[in-house]
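Numbering (UniProt numbering), first residue to last: 1 to 117.
Just so you know, even glycine gets a beta-carbon here, dropped at the ideal spot from N, CA and C.
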């Protein structure tokens, strides 16, 4: 039983490490493609209750100010991570004209695969 617990905890830690790495890769891609902002959106923009804060944040703003911080907060709290989510279709539509889409999409795809049941 102890070996099972150790393996389970080890695989969970490894998964958390991979999630954090993909989040860091996403941040790096946003920075490299000049999509990382210094100034935060207003509280009203962040309080939007629409999926992806449609109408108040761009896709890259949502990634920077909502998705990445919430995922890090879940990791830091050892909370359950979301499973079976799909951000890629939204990004493909919202950023379809942007040359940097593949660079931002890659870490998201890896997160989606990693957190699939």
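(message) Contact defined as beta carbons within less than 8 Å: I believe residue 22 pairs with residue 110. What is the distance between those atoms, to the nearest angstrom?
(response) Working through the chain shown from its first residue, we reach residue 22 at position 22. Working through the chain shown from its first residue, we reach residue 110 at position 110. Contact holds; Cβ gap of about 5 Å.
(message) Counting C-beta neighbours from all protein chains within 10 Å, is the total for residue 52 16 or more, i.e. buried, or is it exposed?
(response) Counting from one through the chain shown, the residue named residue 52 turns up at place 52. Result: buried.
(request) Would you mind sorting residue 60 into buried or exposed? The rule is 16 or more other CB atoms within 10 Å of its CB. (result) Counting from 1 along the chain shown, the entry for residue 60 is found at position 60. By the neighbour-count rule (16 or more Cβ atoms within 10 Å), residue 60 is buried.
(request) Could you spell out where the alpha helix (DSSP H) holding residue 105 opens and where it closes? (result) Residue mapping note: residue 105 aligns to position 105 of the chain shown, counting from 1. First-last of the alpha helix (DSSP H) with residue 105: 101-114.
(request) May I ask you to verify whether the region 96-104 touches the region 70-79, counting CB pairs closer than 8 Å and requiring at least 3? (result) no
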